[in-house]
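If you read the sequence shown in the numbering used here, its first letter stands for residue 44, the second for the next number, and so on. First up is the structure itself, then whatever we jot down about it.
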Amino acid sequence: MKKALLPLLTPLVLGTALLQPLPAQELQAPPLAKAAPEKKQGLKVTFTAAGKTDTRAARLVALFVPEGQPASPFLPAGPFSAKWEAEIVSELRAEYTFAVETSGVVTATLNDAPLLDSRLRIVPQPVQLQKGANKLVVEFQSPPKGDAAVRLLWSSKEFPREVVPPTVFLNDVSAADLRTGERLREGRLLFAQHRCVACHDAGTLLPAKGAGLPELAQDAPTFDAVGEKYRERWLAAWINDPHAIRPQTLMPRIFAGEGDKIDQRAADLAAYFASTAAPKEAKPFDDELTAKGGAQFANLGCIACHTKPDADGQDAHSRVPLAHVKAKWHPAALVEFLQEPAKNYAWIRMPHFRLNGEEANQLAAYLLGTATREFPAEPKGDATRGAQLLATSNCLNCHAGVPPMTTPALAATLASGWSKGCLAPTAGARGKAPDFHFTPEQRSALVAFAAQGFASLKQDPPAEFAERQIRNLRCTACHSADGQPSIWSQLEEEVIALQSGAPLEEGEGQPMHTTALPMLTWFGEKLRPDYLATFIAGHAKDKPRPWIVSRMPGFASYAEPLAKGLAHAHGLSATIPAEAAPDAEKVKTGETLIGENGGFNCLQCHTLADRAATAVFEAPGPNLALTPVRLRKEYFHHWVLAPTRLDAETKMPKFADETGKTPLTDFYDGRASEQFDAIWQYLQTLRK
């Protein structure tokens with residue numbers, strides 16, 4: 044494909060000079076729109092460094108910033124302070140004891156009274172929360188050297204010490220400083236994801252390749268055998284107006300057509316792409332295959348991100364529509380795509396489900412057999428004209444990495460006030476520039492970001508990357524988080540109807556239907572970053588919950604920075620130091636404690652390596668041999684001490700009472716922490 048394009052590009056390259064950058068005028072951030080007071084879950088955190096400030100939203104009073112890195116993309120690296128503000132909402136008057144883990148200095152007030160000071164070496168004392176809202180302010184000063192870390196914790200008579208959970212915080216999201224910081228972040232992400240510098244030469248404004256904001260490396264699908272994959276009518280409609288097919292797509296409308304009528308140029312490009320390769324032959328799908336594919340669509344969680352192919356209209360959960368899929372794909376190509384979505388698009392949001400050929404055929408049969416949307420055959424395209432358009436329409440800037448040649452340099456665009464072209468609000472002002480369907484709020488965010496400057500593109504705290512990608516990859520479609528149910532769990536009627544087309548076999552040891560997947564809330568402090576990165580990438584060899592019919596899909600391009608960012612967001616390093624060798628006596632005790640003879644009988648519900656659970660109720664627990672491979676030690680101790688504090692729906696029993704004792708007084712006088720540490724040390728000897 045690339046060789047075929049070279050003759051088309053050569054005249055353009057020789058006949059076009061790069062536009063010289065012009066000095067940018069002083070852009071002004073548009074005024075913030077008025078906003079009525081509105082309280083939502085979360086906190087406001089303000090960072091200060093080198094005399095500058097930046098504010099953003101936060102889930103927790105927790106932070107980890109490695110030495111030499113910035114706390115905010117908009118502030119320089121080096122010493123900084125952070126200030127969290129929120130209300131803690133308590134259903135009743137109750138006593139809590141607050142504490143802090145930190146490498147710096149932390150002070151805090153509750154209802155304007157001193158709460159704690161990390162410089163004072165005193166035993167924390169209980170304080171009373173009023174019923175309703177309690178004003179909390181926590182201030183942190185980073186250490187002069189080393190990593191900066193802070194975590195706010197609490198405990199009570201009912202539960203042991205834990206991170207103060209995100210569900211208790213409430214904050215006014217209408218605050219001007221918070222909205223200013225969030226708007227800057229939105230503009231920064233829009234700038235990267237819409238690949239502004241693919242068309243506008245940015246000179247030295249961008250970081251070196253592979254550095255800075257990770258989304259700057261985001262690619263677009265390559266033009267590889269397009270005709271083998273897609274149908275010409277869909278291509279024409281997609282090129283003509285992609286937002287009419289898939290709202291919120293990053294693909295712009297490159298030709299200014301008339302209403303719903305397909306522009307002749309879009310038809311010409313479609314004709315050229317269709318001529319590049321012929322579709323492969325595929326066997327016809329039958330009704331049985333379609334029914335099984337519908338069940339797969341429900342069982343794998345596809346339905347949490349996508350509406351059904353026969354669905355019409357807006358979706359309350361903003362799921363991605365699939366009504367066009369039959370008009371888009373040739374059958375054999377769809378089967379191949381489902382098995383390897385990222386083959387021609389590394390940053391695709393569609394994950395890798397590791398489907399085998401049979402599963403991919405079933406899904407393809409369902410999608411193609413139930414999709415309803417069609418596209419017009421007119422106007423007829425001309426492949427020769429399409430080939431010429433490909434070289435002159437700037438498509439290759441994004442899709443083939445061709446350097447910008449015909450559009451103004453970024454500095455020149457900014458010098459014009461960045462109010463024309465792509466950011467213009469009307470077609471007349473936009474002229475020949477592509478139409479990204481930016482909303483007024485998005486245009487405001489982009490201009491505000493440009494007015495602030497582009498230095499923030501050269502750095503990015505991993506915690507903020509994780510927050511962005513949780514939204515981008517729609518992690519909460521399948522996982523509940525921060526007290527909110529997953530989208531999948533709210534689609535029971537649709538799910539059951541699809542599953543009935545190919546019901547699972549019932550009986551002990553058979554796979555189970557469930558949307559009760561692990562909560563996303565605690566992933567950053569629950570899972571080891573090395574394991575989490577492998578798991579998110581889809582490379583983990585062992586499935587922690589093999590009895591669930593669904594599976595964790597792979598997001599290979601996002602995995603490592605996402606795992607690191609989740610840890611940092613919980614105030615933890617992504618590097619876990621090696622543990623000392625297990626103590627032989629404790630190992631022996633731990634083995635007894637998980638057994639049925641004098642122990643907790645953990646093996647009743649949990650498998651252990653290749654040993655099956657002895658008396659499973661509904662489904663077994665995760666394989667205990669994987670525990671030290673998956674979990675952080677601190678989380679393991681927290682979980683076994685008070686499992687329902689972390690997951691109210693868990694079937695895991697609570698063995699320790701409020702005093703930290705268990706009924707097994709033959710071991711360590713019943714002290715739960717020591718007993719559970721012995722179990723941990725035993726499990727370490729089984730670590731793969």
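Positions of the beta carbon are idealized from the N, C-alpha and C atoms, including for glycine.
Relative to the C-alpha of serine 161, which candidate in Ser146, Lys386, Gly246 and Lys174 has its C-alpha closest? Ser146
Do tryptophan 682 and lysine 569 count as a contact pair if the criterion is CB distance below 9 Å? yes
List the endpoints of the continuous beta strand (DSSP E) containing alanine 105. 105 to 108
Just verifying my parser: in three-state terms, what is the DSSP assignment at glutamate 69? coil
Cβ of aspartate 190 within 9 Å of Cβ of valine 108? yes
Starting from the Cα of alanine 314, find the closest Cα among Gly270, Ser600, Ser487 and Ala341 and give me that residue. Gly270
For isoleucine 165, is the classification buried or exposed, using 16 other Cβ atoms within 10 angstroms of its Cβ as the cut-off for buried? exposed
Roughly how many angstroms separate the alpha carbons of proline 285 and leucine 259, rounded to a whole number? 22 Å
Leucine 5 and leucine 500 look like a contact to me (Cβ under 8 Å); what is the Cβ gap, rounded to whole Å? Coverage of the chain is limited to positions 44 through 731, which leaves residue 5 absent and any answer about it impossible.
Minimum C-alpha distance to threonine 415 - residue among Glu205, Ala366 and Ala125: Ala366
DSSP bridge partner residues for lysine 371 (one or two, in chain order): DSSP output for lysine 371 lists no bridge partner at all.
For histidine 582, does the count of other Cβ atoms within 10 angstroms reach 16, so buried, or fall short, so exposed? exposed
Given this structure, state the Cα-to-Cα distance separating alanine 426 from asparagine 342, to the nearest angstrom. 42 Å
Any contact of the segment 403 to 417 with the segment 330 to 337, i.e. 3+ C-beta pairs under 8 Å? yes
Reduced DSSP category for glutamate 81 - H, G, I as helix; E, B as strand; rest coil: coil
Alpha-carbon spacing of tyrosine 273 relative to proline 374, whole angstroms: 9 Å
Taking all protein chains shown into account, decide if phenylalanine 508 is buried (16 or more other Cβ within 10 angstroms of its Cβ) or exposed. buried
Own chain residues within Cβ distance below 6 Å of proline 671, not counting five before or after: Leu726, Gln727 and Arg730
Sufficient close CB pairs (3 or more, under 8 Å) joining the segment 70 to 80 to the segment 185 to 199: no
Can you tell me which residues form a DSSP beta bridge with histidine 243? In DSSP, histidine 243 forms no bridge with anything.
How about arginine 688 and proline 352: do their beta carbons lie closer than 9 Å? no
Distance, Cα to Cα, aspartate 267 vs tyrosine 388? 10 Å
Inter-residue spacing [alpha-carbon to alpha-carbon] between glycine 429 and alanine 245: 29 Å
Buried or exposed: threonine 482, going by 16 or more other Cβ atoms within 10 Å of its Cβ? exposed
For a test of the three-state rule: what should DSSP assign to phenylalanine 719, helix, strand or coil? helix
Confirm, please, whether the CB-CB distance from phenylalanine 212 to leucine 86 is below 9 Å. yes
Residue range of the unbroken alpha helix (DSSP H) whose run includes aspartate 353: Counting along the chain, aspartate 353 falls outside any alpha helix (DSSP H), and DSSP gives it neither H nor E.
Give a yes or no on whether the C-beta atoms belonging to leucine 278 and phenylalanine 316 are separated by under 9 Å. yes
Environment of phenylalanine 123 [buried if 16+ CB atoms lie within 10 Å]: buried
Figure out for me which residue from Ala668, Thr650 and Leu669 has the closest Cα to the Cα of phenylalanine 660. Thr650
Contact under 9 Å by Cβ, alanine 721 with glutamate 205: no
Between valine 592 and the rest of its own chain, which residues show a CB-CB distance below 7 Å, the 5 nearest in sequence each way excluded? Asn342, Leu547, Pro554, Met555 and His556
At a cut of 8 Å, does the segment 515 to 528 reach the segment 318 to 329 through at least three beta carbon pairs? no
Under DSSP, the alpha helix (DSSP H) around lysine 87 begins and ends at which residues? From DSSP, lysine 87 is part of no alpha helix (DSSP H) but of the beta strand (DSSP E) over 86 to 92.
Any idea what DSSP makes of lysine 46, helix, strand or coil? Interpretation of lysine 46 is limited by its pLDDT of 37, a score under 50 that renders its predicted location unreliable; no figure is taken from the coordinates.
Which residues mark the beginning and the end of the beta strand (DSSP E) in which glutamate 337 is found? The residue you asked about is not glutamate; residue 337 is glycine in the sequence shown. It is not in any beta strand (DSSP E) - glycine 337 instead sits in the alpha helix (DSSP H) that spans 330 to 342.
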